[in-house]
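Everything below concerns the one structure shown next.
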Amino acid sequence: MIKAVLLDVGGVLLLPGPELVRPALPIPPPSVAVLDRAHYRALAVAHATPAPDWETYFRVYAASCGVDEMLVPRAAAGLRAAFAQQVWTRIVPGAAVLLRRLRSAGMRIALVSNADGHLEGHLRALGLCRVGVEVDAILDSAIVGSAKPDPTLFVLALAELGVDANQAVHVGDTVGADVAGALAAGIRPLHYVPYGDCDVASPAHEHLRWLSDLLTIS
1 MIKAVLLDVG GVLLLPGPEL VRPALPIPPP SVAVLDRAHY RALAVAHATP
51 APDWETYFRV YAASCGVDEM LVPRAAAGLR AAFAQQVWTR IVPGAAVLLR
101 RLRSAGMRIA LVSNADGHLE GHLRALGLCR VGVEVDAILD SAIVGSAKPD
151 PTLFVLALAE LGVDANQAVH VGDTVGADVA GALAAGIRPL HYVPYGDCDV
201 ASPAHEHLRW LSDLLTIS
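Counting with UniProt numbering, you get residues 1 to 218 for the letters of the sequence shown.
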C-alpha cells in the first residue's frame with residue numbers, strides 16, 4: 001500500500017518563469033504553452049543521463065520555441081544567464097491543489113530536489129508549501145550534501161516520513177536523476193512526462209502524464 005509520495009520540485013511543481021526566459025529569446029514573446037512544451041522537450045534530450053547536459057538543454061529549448069538556427073547560440077547564452085538566477089518561479093497549474101488533496105487523503109509528502117540550499121524558503125515565499133503544513137519534509141541537496149541520483153536524499157526522505165521504500169513512490173521529470181535515484185533507494189519511480197517525452201527504455205520505468213493521477217495511485 002502506498003503511504004507516501006516523494007516529489008521533485010523543478011519541472012514537477014515549478015517551471016521556469018516566463019518573465020525570466022522570454023527576454024533571452026530573440027523572437028516575439030512565446031506563449032506560456034510554447035515555453036512549457038519547450039522545457040519538457042529540452043529536458044528529455046539533455047537529462048537522460050545522471051550528468052545533465054545544460055548546454056544541450058538551452059539549445060533545444062531555444063529551438064523548440066522557434067528561434068532561428070543561426071540565433072540559437074545567442075539565445076542559449078541568454079538562457080544560461082537566466083538560469084544562473086532563481087528561474088523556477090512559476091507554480092505548475094494544479095500543484096498547490098494536488099498537495100492539499102494528497103494531504104487530505106492521508107499521504108505523507110516529501111520534496112526531494114537537487115537545489116541551492118534555499119529551496120524551503122523559496123517555496124514558502126511563492127506560497128506553494130511549508131513544512132508541517134502542506135508537506136512533511138523538504139530535502140535540499142545543497143543542505144544534505146548529496147544530490148540525485150545518489151540515493152541518500154531518498155533514504156533520508158523515507159526516514160523523515162517514517163515509511164519503507166515499498167510504501168512510497170517518487171515523481172520526477174528526469175531519468176538520469178529521478179528514476180535512477182529512486183530505483184537505487186528501492187522506491188518505485190514515476191517519470192513525469194506531461195507531453196510523453198521519454199526516449200529512454202532502460203531502466204524500465206512507469207510514466208505519469210497527469211499529476212492528478214497520484215490521487216488514485218496504488
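Where is the CB? At the ideal position from N, CA and C, for every residue including glycine.
As the structure is a computational prediction, the values presented were derived from the model and not from experiment.
What are the boundary residues of the alpha helix (DSSP H) that includes Pro-189?
-> It is not in any alpha helix (DSSP H) - Pro-189 instead sits in the beta strand (DSSP E) that spans 188 to 192.
Spatially closest choice to Leu-126 from Leu-79, Asp-8, Pro-151 and Arg-90, by CA coordinates = Per the Cα distances, Arg-90.
Going by alpha carbons, who is nearest to Ala-185 out of Thr-56, Arg-22 and Val-112?
-> Val-112
With a cut-off of 8 Å, do at least 3 Cβ pairs link the segment 105 to 125 to the segment 149 to 163?
-> yes
Taking only runs that begin and end inside the segment 40 to 126, name each unbroken beta strand (DSSP E) of 3 or more residues, in chain order.
-> Runs of the beta strand (DSSP E) inside the segment 40 to 126: 88 to 91 and 108 to 113.
Give me the Cα-Cα distance between Asp-199 and Ala-44, rounded to the nearest whole angstrom.
-> 8 Å
Distance CB(Val-72)-CB(Ala-62) smaller than 8 Å | yes
Check whether the Cβ atoms of Leu-183 and Glu-206 lie closer than 8 Å to each other.
-> no
Starting from Pro-16, follow the beta strand (DSSP E) in both directions and report where the run begins and ends.
-> 14 to 16
Distance between Cys-129 and Met-107 (C-alpha atoms, nearest Å) | 15 Å
Please specify which runs of the beta strand (DSSP E), each continuous and at least 3 residues long, are wholly inside the segment 119 to 188, giving them in chain order.
-> You should have 137 to 140 and 168 to 172.
With a CB to CB cut of under 6 Å and the five nearest residues on each side skipped, what residues in its chain are close to Arg-59?
-> Val-72 and Ala-76
Contact belief for Gly-172 with Val-163 at Cβ below 8 Å, rounded distance in angstroms = So it is not a contact: roughly 18 Å between Cβ atoms.
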